[in-house]
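>
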Amino acid sequence: MLFEKSKKTLIGDGSYPGFIHAVLAEVPNAASPRGPLDFGSLIYMQTANAVQKRLAEIMPGDIILLDDVKFKGHKGLQIYHQNVGTDEPLIAVVNDFEAKKSKVKVFQANQHVGQQTVESASYRLEDVKSGVVKVFRVLEA
Numbered sequence: 205m206l207f208e209k210s211k212k213t214l215i216g217d218g219s220y221p222g223f224i225h226a227v228l229a230e231v232p233n234a235a236s237p238r239g240p241l242d243f244g245s246l247i248y249m250q251t252a253n254a255v256q257k258r259l260a261e262i263m264p265g266d267i268i269l270l271d272d273v274k275f276k277g278h279k280g281l282q283i284y285h286q287n288v289g290t291d292e293p294l295i296a297v298v299n300d301f302e303a304k305k306s307k308v309k310v311f312q313a314n315q316h317v318g319q320q321t322v323e324s325a326s327y328r329l330e331d332v333k334s335g336v337v338k339v340f341r342v343l344e345a
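If you're matching positions, the sequence shown starts at 205 in my numbering and goes up one per residue.
1. Could you compute how far the alpha carbon of Phe243 sits from the alpha carbon of Glu344?
2. Round the Cβ separation of Val297 and Gly265 to the nearest angstrom and send it over; I've been treating them as touching at under 8 Å.
3. If you draw a straight line from the C-alpha of Gly239 to the C-alpha of Lys279, how long is it?
4. Relative to the alpha-carbon of Pro221, which residue among Val273, Leu269 and Val255 has its alpha-carbon at the smallest distance?
5. Indicate whether Leu259 and Ile247 have their beta-carbon atoms separated by less than 7 Å.
6. Restricting to Cα atoms, I'd like to know which of Ile295, Pro237 and Val308 is closest to Val314.
7. Would you kindly report the start and end of the unbroken alpha helix (DSSP H) that includes Ala229?
8. Look up Asp266 in the DSSP assignment and say whether it is helix, strand or coil.
9. Which of the three DSSP states is assigned to Leu329 in this structure?
10. Counting only the same chain and skipping the five closest in sequence on each side, list residues whose C-beta sits under 6 Å from that of Pro237.
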C-alpha cells in the first residue's frame, strides 16, 4: 500500500532512516526504534561473506541494514559489482526472501536526485564480499 502511495508522494523525509520511521509509524503495535540504527531484535548478522548470527529466517516486514557493503557475483553470464551503503547505511524493509538463492528483495528510499520515492531492489547475501549486513525483527510496543 505504501509502495503504491510512494509513486505519487514522498514517504518520510526521503532518507533511508526517514523512510523506515514513516513505515513503522503506519504499523499498529510496532515499537519505535531504540536508537538511530537499532530497529528491534537482531536476528541475522553477516560480516563480509561470514554469517555471524542467524536466529531466525528473514521474513517480509523485517528491517535490513547494509553498511558499506560490496557485492560481487554473477547475473546470468555477466559479472557484476555493486557498492551499497557507502556514505550512510542503507536501511530498507524486506519484501521477500528466497532462502535457496540467499536473495533478499526490499523496499528502500530512492536516493536519486529529484526522484525521492520508494524503489524495489534485490540483493544476494552470498555475493557480499565486504561490509556488514544486519536484519532486525521489529518488536511489539
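Each residue gets a CB set at the ideal place from its N, CA and C atoms; glycine is no exception.
In short:
1. Counting from one through the sequence shown, the residue named residue 243 turns up at place 39. Counting from one through the sequence shown, the residue named residue 344 turns up at place 140. So the alpha carbons of these two residues sit roughly 11 Å apart.
2. For the purposes of this step, residue 297 is taken as residue 93 along the sequence shown, with counting starting at 1. For the purposes of this step, residue 265 is taken as residue 61 along the sequence shown, with counting starting at 1. Confirmed, Cβ separation roughly 7 Å.
3. The residue given as residue 239 occupies position 35 in the sequence shown. The residue given as residue 279 occupies position 75 in the sequence shown. Going from the Cα of Gly239 to the Cα of Lys279 covers about 36 Å.
4. Position 17 of the sequence shown, counted from the start, is the residue given in the question as residue 221. Measuring from the Cα of Pro221, the nearest candidate turns out to be Leu269.
5. Working through the sequence shown from its first residue, we reach residue 259 at position 55. Working through the sequence shown from its first residue, we reach residue 247 at position 43. Result yes, Cβ atoms of Leu259 and Ile247 sit closer than 7 Å.
6. Here residue 314 refers to the residue found at position 110 when the sequence shown is read from its first residue. The amino acid occupying residue 314 in the given sequence is Asn; Val does not appear at that position. Ranking Ile295, Pro237 and Val308 by Cα distance to Asn314 puts Ile295 first.
7. Within the sequence shown, the letter at position 25 stands for residue 229. Looking at the DSSP string, the run of the alpha helix (DSSP H) that includes Ala229 is Tyr220 to Glu230.
8. On the sequence shown, position 62 is the one that residue 266 refers to. Correct three-state label for Asp266: coil.
9. Here the question's residue 329 lines up with position 125 in the sequence shown. In this structure, Leu329 counts as helix in the three-state DSSP scheme.
10. Locating residue 237 in the sequence shown gives position 33, where the first residue counts as 1. Only Phe243 meet the Cβ criterion.
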